[in-house]
């Protein structure tokens, strides 16, 4: 049996249409839910002290109205020299520790409004300021140390 | 003297027929593409070598061939016929996958759904060509461009077709750079290809941890037959994201997936014995596989263009082509086609979002098709 007859006999039209609709519906529902996920988390984090009003405030909570201050205030004109940029990154490294995941450094750089962290990281890696330690962990090798190493 | 003649009559040189020779040539081409051209070497090298091993002629009844009980290859092939290797490969894939881009732009998941239309078009095509429903469903899943999913579903529905379907699925995955770009260019204008995507928002660690748990529940409740694939896939991802099981995640994405890939590739390759593989059905499967993959690519691109009719902030329709689940090949291809028009257009992260939703979509499709066949 061939052609449309075979499709109809084996219920092919119904399977194709139902299958397409089910997979579409499934992924639409999943995408709708995950699109709200960050809002739900934000809501939960804001509500958290209210639900736990008998507990002490966490140590890092700031009084109302006081914004998070950046770890490192940036100059008005961002430098183009890699060593100078590395100096600006130093306070962030001090904050996250000597070895770190690149994603953590990226996150803190973004929070502090450092421009184009991805590109900067690539440049850091090329000039061995960022040194891979395996397992996605990196260590910081400041430019001065770099130069020392180069000189033997 | 008789002993010598008897020995010679049992050698591969004496027993070989033209089908073995053809398949050995095919295996050699796979090895050439994998090693010299670097087309999906992690897949094509084990499969290519498996084809060589599987097509060495032998005296039947010695317990040597993959289809003979008690042979070593038969035991290794057990992981394919039971769907074990695909599940393990999905565990490793999950431990490798970063869903951040998908979480940052969930609407791109629709492109992953749209690209699955190739599966259902091919289902109709295979039925029309006279394949039985179980065979047609197994062939159709090639449109998902997901080797492990194709093998898994075929093992469940039409085990006699595992060889040709697996080879077709992996061949088309390796041929992404050849198949997809012309379709992308044909269906999009230059203006559309130049559309830049906005930078994705930061995704918190909590979101990344919660996602696999939510997704496994939603997807597997919808299509429980996809549990063996999506269950391990999201488990692997949870291991990666939870931050307290790094050792397990590391093992899943290295040793475990590598072992499964080696055994899967070698045994699938070895299952292509000339006398079993070279049939008119195999040719039809290859043709249908190419159709499925092309339709899947086209569906994604066309759906992205349809979405643009309703969106204020247009998306680059090339992303639709990454809705097939060939990770990361199709995402890379989308990125390269985008960059060929505008070198400063970075589509990779957005394409990865479509790609990872394609993996989920094709596994759901496998579950749905399996459920349909149980009902039939």
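Residue numbers (this note's numbering), protein chains in the order written: chain A, 460 to 611; chain B, 9 to 384. Positions of the beta carbon are idealized from the N, C-alpha and C atoms, including for glycine. From a predicted model like this one, the values you see are computed outputs, not experimental measurements.
Same chain only: Cβ atoms within 6 Å of residue i, ignoring 5 sequence neighbours per side
i: residue 377 (chain B); result: 145
i: residue 246 (chain B); result: 220
i: residue 211 (chain B); result: 108, 111, 112
i: residue 360 (chain B); result: 109, 339
i: residue 121 (chain B); result: 369
i: residue 35 (chain B); result: 56, 59, 60
Neighbour list for residue i in chain B, Cβ cutoff strictly below 7 Å
i: residue 569 (chain A); result: 210
i: residue 465 (chain A); result: 135, 136, 138
i: residue 469 (chain A); result: 135, 141
i: residue 483 (chain A); result: 121
i: residue 490 (chain A); result: 114, 115, 117, 118
i: residue 623 (chain A); result: No answer is possible for residue 623 (chain A): it lies beyond the span of chain A, which begins at 460 and ends at 611.
i: residue 566 (chain A); result: 210
CA-to-CA distance, residue j to residue i, given in whole angstroms
i: residue 588 (chain A); j: residue 186 (chain B); result: 39 Å
i: residue 520 (chain A); j: residue 243 (chain B); result: Model confidence at residue 520 (chain A) stands at a pLDDT of 48, short of 50, so the residue's coordinates are unreliable; what they give is reported in the following sentence. Spanning the two alpha carbons is a distance of roughly 34 Å.
i: residue 524 (chain A); j: residue 506 (chain A); result: With a pLDDT of only 47 at residue 524 (chain A), under 50, the local geometry of the prediction cannot be trusted, and the value read off the model is given with reservation. Answer to the nearest angstrom: the Cα atoms are 17 Å apart.
i: residue 203 (chain B); j: residue 288 (chain B); result: 44 Å
i: residue 12 (chain B); j: residue 18 (chain B); result: 10 Å
i: residue 30 (chain B); j: residue 256 (chain B); result: 43 Å
i: residue 142 (chain B); j: residue 580 (chain A); result: 51 Å
i: residue 279 (chain B); j: residue 72 (chain B); result: 12 Å
i: residue 493 (chain A); j: residue 114 (chain B); result: 7 Å
i: residue 78 (chain B); j: residue 366 (chain B); result: 38 Å
i: residue 14 (chain B); j: residue 63 (chain B); result: 21 Å
i: residue 471 (chain A); j: residue 96 (chain B); result: 31 Å
i: residue 207 (chain B); j: residue 573 (chain A); result: 15 Å
i: residue 7 (chain B); j: residue 552 (chain A); result: Only positions 9 to 384 of chain B appear in the structure, and residue 7 (chain B) is not among them; the question remains open.
i: residue 517 (chain A); j: residue 555 (chain A); result: Its pLDDT being 49, under 50, residue 517 (chain A) is placed unreliably by the model, and the measurement read from it follows with that caveat. Looking at the two C-alpha atoms, the distance is approximately 19 Å.
i: residue 258 (chain B); j: residue 87 (chain B); result: 22 Å
i: residue 239 (chain B); j: residue 130 (chain B); result: 26 Å
i: residue 294 (chain B); j: residue 371 (chain B); result: 21 Å
i: residue 263 (chain B); j: residue 363 (chain B); result: 24 Å
i: residue 23 (chain B); j: residue 173 (chain B); result: 27 Å
i: residue 170 (chain B); j: residue 316 (chain B); result: 39 Å
i: residue 582 (chain A); j: residue 597 (chain A); result: 14 Å
i: residue 562 (chain A); j: residue 134 (chain B); result: 46 Å
i: residue 335 (chain B); j: residue 355 (chain B); result: 15 Å
i: residue 98 (chain B); j: residue 539 (chain A); result: 44 Å
i: residue 465 (chain A); j: residue 303 (chain B); result: 21 Å
i: residue 51 (chain B); j: residue 178 (chain B); result: 7 Å
i: residue 155 (chain B); j: residue 181 (chain B); result: 8 Å
i: residue 475 (chain A); j: residue 568 (chain A); result: 48 Å
i: residue 283 (chain B); j: residue 297 (chain B); result: 21 Å
Continuous beta strand (DSSP E) stretch holding residue i: start and end
i: residue 589 (chain A); result: 589-593
i: residue 559 (chain A); result: 558-560
i: residue 597 (chain A); result: 596-599
7 Å CB neighbourhood of residue i in its chain, flanking five on each side removed
i: residue 306 (chain B); result: 191, 195
i: residue 374 (chain B); result: 149, 157, 160, 161, 234, 237
i: residue 468 (chain A); result: 460
i: residue 480 (chain A); result: none
i: residue 600 (chain A); result: 587, 588, 590
Partner residues on chain B for residue i, Cβ-Cβ distance less than 8 Å
i: residue 461 (chain A); result: 136, 137, 138
i: residue 494 (chain A); result: 114, 115
i: residue 561 (chain A); result: None at all; the shortest Cβ gap to chain B is about 12 Å.
i: residue 475 (chain A); result: 128, 129, 131, 132
Endpoints, the alpha helix (DSSP H) within which residue i is located
i: residue 346 (chain B); result: 337-349
i: residue 164 (chain B); result: 155-165
i: residue 213 (chain B); result: 213-230
i: residue 464 (chain A); result: 462-468
i: residue 10 (chain B); result: 10-17
i: residue 359 (chain B); result: 356-383
i: residue 28 (chain B); result: 26-43
i: residue 186 (chain B); result: 184-195
i: residue 252 (chain B); result: Run containing residue 252 (chain B): none; DSSP gives neither H nor E here.
i: residue 57 (chain B); result: 49-62
i: residue 75 (chain B); result: Residue 75 (chain B) -> no alpha helix (DSSP H), and no H or E assigned at all.
i: residue 542 (chain A); result: 541-555
i: residue 146 (chain B); result: 141-148
i: residue 262 (chain B); result: Element bounds for residue 262 (chain B): n/a, residue is neither H nor E.
i: residue 131 (chain B); result: 125-136
Amino acids of chain A, ordered along the chain, whose beta-carbon sits closer than 9 Å to that of residue i
i: residue 365 (chain B); result: 486, 489, 490
Residues near residue i by beta carbon distance below 8 Å, same chain, minus five either side
i: residue 313 (chain B); result: 195, 196, 200, 325, 328
i: residue 565 (chain A); result: 576, 577, 580
Neighbouring residues, chain A, relative to residue i (Cβ below 7 Å)
i: residue 215 (chain B); result: 496, 497, 500
i: residue 362 (chain B); result: Residues of chain A passing the Cβ test: none, with the nearest at roughly 11 Å.
Extract the residue ranges of the alpha helix (DSSP H) inside the region 277-332 of chain B, only unbroken runs of 4 or more that lie entirely within it.
282-285, 288-318
In the region 223-235 of chain B, which residues sit with their C-beta less than 8 Å from some C-beta in chain C, listed in chain order?
Included in the structure are the protein chains A and B, with no chain C among them.
Jot down the residue ranges of each uninterrupted alpha helix (DSSP H) in the region 80-116 of chain B, minimum 4 residues, whole runs only, in chain order.
80-89, 92-104, 108-112
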